[in-house]
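Engineer: Once you know that position 460 of the sequence shown is 460 in full-length UniProt numbering, the rest is easy, because the numbers rise by one and skip nothing. Please see the structure below; I have some questions.
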Amino acid sequence: MLGFSGNQRILSHPDISATNIFYFLLIPALILWYVYWCLSRRHMIKLAKAFPGPKGYPIIGNILEFAGSSIDIFRTIYNYSFQYETAAVWIGPKLLIFLTDPRDVEIILSSHVHIDKAREYRFFQPWLGNGLLISTGSTWRTHRKLIAPTFHLNVLKGFVNLFNANSRATVEKLRKECGNTFDCHDYMSEATVEILLETAMGVSKKTQDQSGYDYAMAVMKMCDILHLRHTKIWLRPDWLFNLTKYRKVQETLLSTIHSLTWKVLKSKKDAFYKGIRGSTAQVPIGIVTDKSTELESKVLEQSSEGGVIFGQSVGIKDDLDVDDNDVGEKKRMAFLDLMIEASQNGIMITDEEIKEQVDTIMFEGHDTTAAASSFFLCLMGLHPEIQAKVHKEMDTIFGNSDRPASFADTLEMKYLERCLLETLRLYPPVPIIAREIKEDIKLASGGYTLPAGCTLVIGTFKIHRRADIYPNPDVYDPDNFLPERTANRHYYSFIPFSAGPRSCVGRKYAMLKLKVLLSTIMRNFVVKSEIPESDFQLQADIILKRGDGFKVRLEPRSTN
Ligand code: HEM
1 MLGFSGNQRI LSHPDISATN IFYFLLIPAL ILWYVYWCLS RRHMIKLAKA
51 FPGPKGYPII GNILEFAGSS IDIFRTIYNY SFQYETAAVW IGPKLLIFLT
101 DPRDVEIILS SHVHIDKARE YRFFQPWLGN GLLISTGSTW RTHRKLIAPT
151 FHLNVLKGFV NLFNANSRAT VEKLRKECGN TFDCHDYMSE ATVEILLETA
201 MGVSKKTQDQ SGYDYAMAVM KMCDILHLRH TKIWLRPDWL FNLTKYRKVQ
251 ETLLSTIHSL TWKVLKSKKD AFYKGIRGST AQVPIGIVTD KSTELESKVL
301 EQSSEGGVIF GQSVGIKDDL DVDDNDVGEK KRMAFLDLMI EASQNGIMIT
351 DEEIKEQVDT IMFEGHDTTA AASSFFLCLM GLHPEIQAKV HKEMDTIFGN
401 SDRPASFADT LEMKYLERCL LETLRLYPPV PIIAREIKED IKLASGGYTL
451 PAGCTLVIGT FKIHRRADIY PNPDVYDPDN FLPERTANRH YYSFIPFSAG
501 PRSCVGRKYA MLKLKVLLST IMRNFVVKSE IPESDFQLQA DIILKRGDGF
551 KVRLEPRSTN
């Protein structure tokens, strides 16, 4: 009673309100928390101090420099990369360490331990669930083992007819744009979504009442929201994000995206129960290409010996390069066929988990290749002399024939492949890779040690433009990928598909599909482009794109 009346007296005192008491206690509590927080991070702060990097303000660090649009942020980071090869940057309490030395990158990417994605990937969770891109630990290991063989070259060869059919359909759509200046990215996005549906997912694009275009647009807008959450600190906590308009927009976009994934899954399961295996998409008459040739077998033989296939994986063998003998007949299935078969045969994978993997492959498999092919076309338009060599190669392989490209033809597209690799060097669709570092790691360069608890950012874009690795690093020069030039380069100095155990599972799929799609386009058109590379407005919202659009003009090729 006494206490109650005492409290009452204090609270009714004109100068001591409940609010005053709250602030009176809050301030020391905050100071105590800050001191505790600093003490608990002493080790990280000490190791971070050894790194070079831009000076920041107390508490907020360098946050103000990363507050602009995605184009501004990209420019800030790129400009800093000239000042600092390795840099520590504080975004409020968060420590980011940027690496651009291939020797340091190798330590991280080749490791089977440092495979955890940065916390920022959690923003993908409502969309991709626990799919391959963001999962970790035993879930990731089990699913990676299941999924990697579905992108083996022997599976991919079976997709060539569908790659051709869809590439021809794209050419017919593009024909209507002849003479106009237009953004080719929309066409590339639609094509890459539809190709994925018909190949890796094995369903006909015609069974979807929603077009690949709507899906691609929803994915693009979802990436915008995720990018906002990465760069605007107030959108990071879920409870604050949920109060904003973006939450509602995200829900609508995810409903478009997930409705396609569920439809794909249902359609594939229906086919499975009817005993249908393989893609249900029809290959138009006249598209079917020749079976294996001598050249094909020779190159495949080389590939199983040393991973020599599609230039970018020279000398390194990973889980996509398993020998034919390691992959039993049963396992040689396309992605979704295998997922469904596995779930029916007692392998513990639920429908929800399959759906998360479908979402992951659909996202990773379309937006990346759409960006790569759009950059490729812009660069062709800007370099007529290089384009002429691509045309010459096409004429040498196909003559005057308009036959579809066979797998063996793609192996002969050596110059086009070099142009593609050079495009991925200058404009890697995934411009950075981020990891959560759980233990201190000694780096190879500069005597630095990465502190446990930091977020590591591998600057692929900058690594690809290091003057000590690539002479004239900003110049588009496909000869950078001549065998004699690649032979002496550090393997981790070209990592558009990442590398090591968490490398891109779809890299061979991507290269084969891009070769068929781009060769079909190049056989039919001359590409023109007026905006010089120095005026490209690069923006890195998850996938590297041009903020100003991928503007090109097409003219029909007279030889066809
Ligand atoms: C030019 C095209 C592509 C590029 C440049 C690319 C690049 C990458 C990169 C850099 C990563 C690692 C990301 C990270 O660690 O944060 C990655 C992972 C991944 N990519 Fe690709 N990708 C491409 C095409 C594809 C395709 C066509 C597919 C599937 C059909 C695919 C499926 C995946 C998956 C599932 C992962 C996660 C792998 C794992 O964590 O185990 N990608 N990709």
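All C-beta atoms in this analysis are idealised placements derived from N, C-alpha and C, irrespective of residue type, glycine included. Since we're looking at a predicted model, the values are computed, not measured.
What do you reckon, is the C-beta of V430 under 6 Å from a heavy atom of ligand 1?
Structural biologist: Answer for V430: yes, Cβ within range of ligand 1.
Engineer: Between the alpha carbons of H383 and L421, how many angstroms are there, rounded?
Structural biologist: Going from the Cα of H383 to the Cα of L421 covers about 15 Å.
Engineer: Considering only the alpha carbon of each residue, which of L254, L174 and F335 lies closest to D224?
Structural biologist: Cα-wise, what sits closest to D224 is L254.
Engineer: Just to confirm the assignment: which complete beta strand (DSSP E) runs, minimum length 3, are found wholly within the region 71 to 153?
Structural biologist: Here the runs fully enclosed are 87 to 91 and 94 to 99.
Engineer: Any chance the region 479 to 491 sits against the region 170 to 180, with 3 or more Cβ pairs inside 8 Å?
Structural biologist: Result no; under three Cβ-Cβ pairs closer than 8 Å.
Engineer: For E385, count neighbouring Cβ atoms within 10 angstroms of its own Cβ and tell me buried if that reaches 16, exposed if not.
Structural biologist: It counts as exposed.
Engineer: Is any heavy atom in ligand 1 found nearer than 6 Å to the beta carbon of F519?
Structural biologist: Before going on, a small fix: residue 519 reads as Ser here, not Phe. Every heavy atom of ligand 1 is 6 Å or more from the Cβ of S519, so no.
Engineer: What are the partner residues of Q539, as DSSP defines its beta bridges?
Structural biologist: DSSP output for Q539 lists K545 as bridge partner(s).
Engineer: Near L162, which residues of its chain fall below 8 Å by C-beta distance, leaving aside the five closest residues on each side in sequence?
Structural biologist: Excluding residues within five positions, the ones whose Cβ falls inside 8 Å are I195, E198, T199, S279, A281 and V283.
Engineer: Here's a check: name, in chain order, each residue in its chain whose Cβ is nearer than 7 Å to the Cβ of D214, leaving out the five neighbours to either side.
Structural biologist: Counting only Cβ-Cβ distances below 7 Å, and skipping sequence neighbours, we find T256.
Engineer: Quick one: using the 10 Å Cβ neighbour count with 16 as the cut-off for buried, is Q357 buried or exposed?
Structural biologist: Buried, because 16 or more other Cβ atoms sit within 10 Å of the Cβ of Q357.
Engineer: Let me know the secondary structure DSSP gives D183 once reduced to three states.
Structural biologist: Strand at D183.
Engineer: Residue range of the beta strand (DSSP E) that R403 falls in?
Structural biologist: Note, R403: premise wrong, no beta strand (DSSP E); not H, not E.
Engineer: Mind checking whether the beta-carbon of residue 568 lies closer than 6 Å to any heavy atom of ligand 1?
Structural biologist: Not covered by the structure: residue 568. The range shown for the chain is 1 to 560.
Engineer: Using 7 Å as the threshold, is the C-beta distance between F497 and R485 below it?
Structural biologist: Against a cut-off of 7 Å, the Cβ pair of R485 and F497 comes out as no contact.
Engineer: Apart from the five residues just before and just after S167, which ones in its own chain have a Cβ nearer than 6 Å to its Cβ?
Structural biologist: Closer than 6 Å at Cβ, skipping near neighbours: V516, L517 and T520.
Engineer: I'd like to know whether the C-beta atoms of D116 and E436 end up nearer to each other than 7 Å.
Structural biologist: For D116 and E436, yes; Cβs fall inside 7 Å.
Engineer: So the candidates are K205, K94 and A87; which of them puts its Cα closest to the Cα of C454?
Structural biologist: Of K205, K94 and A87, the residue nearest in Cα terms is K94.
Engineer: Closest by CA to A388, which one among R403, H366, C419 and S401?
Structural biologist: A388 has its Cα closest to that of C419, out of R403, H366, C419 and S401.
Engineer: Does chain C have any CB closer than 7 Å to the CB of G212?
Structural biologist: The question asks about chain C, but that chain is absent: this structure has only one protein chain.
Engineer: In the DSSP output, which residue or residues are listed as bridge partners for L47?
Structural biologist: In the DSSP output, where bridge partners are listed per residue, L47 has none listed.
Engineer: Evaluate I433 with the Cβ neighbour count: other Cβ atoms within 10 Å of its Cβ, from every protein chain shown; 16 or more gives buried, anything less gives exposed.
Structural biologist: Label assigned to I433: buried.
Engineer: Could you tell me the distance, in whole angstroms, from the CA atom of D535 to the CA atom of R546?
Structural biologist: D535 and R546: Cα-Cα distance of roughly 10 Å.
Engineer: Among the candidates G56, A18 and I71, whose CA atom is the shortest distance from the CA of Q537?
Structural biologist: For the residues G56, A18 and I71, the minimum Cα distance to Q537 belongs to I71.
Engineer: Nearest-angstrom Cα distance between R119 and D402?
Structural biologist: About 49 Å.
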